[in-house]
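Taking it in order: structure first as structure tokens, then the write-up.
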Amino acid sequence: MPNIKSAIKRVRTSEKKNAENKMLKSELRTVIKKAKASVASSDEKAEVLVKATQKAIDQAAAKNLMHKNAAARKKSRMTKAANAAKKAE
Numbered sequence: 122m123p124n125i126k127s128a129i130k131r132v133r134t135s136e137k138k139n140a141e142n143k144m145l146k147s148e149l150r151t152v153i154k155k156a157k158a159s160v161a162s163s164d165e166k167a168e169v170l171v172k173a174t175q176k177a178i179d180q181a182a183a184k185n186l187m188h189k190n191a192a193a194r195k196k197s198r199m200t201k202a203a204n205a206a207k208k209a210e
């Protein structure tokens, strides 16, 4: 445990940020899973879910929860899968 006042505060703030980031990453993973499942089952709501997921991925990249290239890769793969599923119908 730190003794210096500013170091004590940094520990507190980093714990808060860590909890917030953990929650946001978990939400993002859940949204991605739902979109993938929807695309795989050729659901009617798949297109809407994919759009919402892409928005969530962009927001996560903006908050540095994931690297911008990783976000672009995830979005690209999701779009590709959605288009393939739509074509298969």
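Numbering (the numbering used here), first residue to last: 122 to 210.
We treat Cβ as the ideally placed atom computed from N, Cα and C, and that holds for glycine.
Asked                                                                                                                                                                                       : Found
Identify, in the order they occur along the chain, each residue of the same chain with its Cβ nearer than 6 Å to the Cβ of Ala206, setting aside the five sequence neighbours on each side. : Val160, Ser163
Around the Cβ of Val169, are there at least 16 other Cβ atoms within 10 angstroms (buried) or fewer (exposed)?                                                                              : exposed
Pull up the distance between the alpha-carbon of Asn124 and that of Ala192, whole angstroms please.                                                                                         : 40 Å
To which residues of the same chain is Glu148 closer than 8 Å at the C-beta, ignoring the five residues directly before and after it?                                                       : Ala177
Tell me the residue span of the alpha helix (DSSP H) that contains Ile129.                                                                                                                  : 126 to 161
Under 8 Å, do Ala209 and Val171 count as touching if we go by C-beta distance?                                                                                                              : no
Please say whether Met199 and Ala156 have beta carbons closer to each other than 8 Å?                                                                                                       : yes
Which value, in whole angstroms, describes the spacing of the CA atoms of Lys146 and Lys126?                                                                                                : 30 Å
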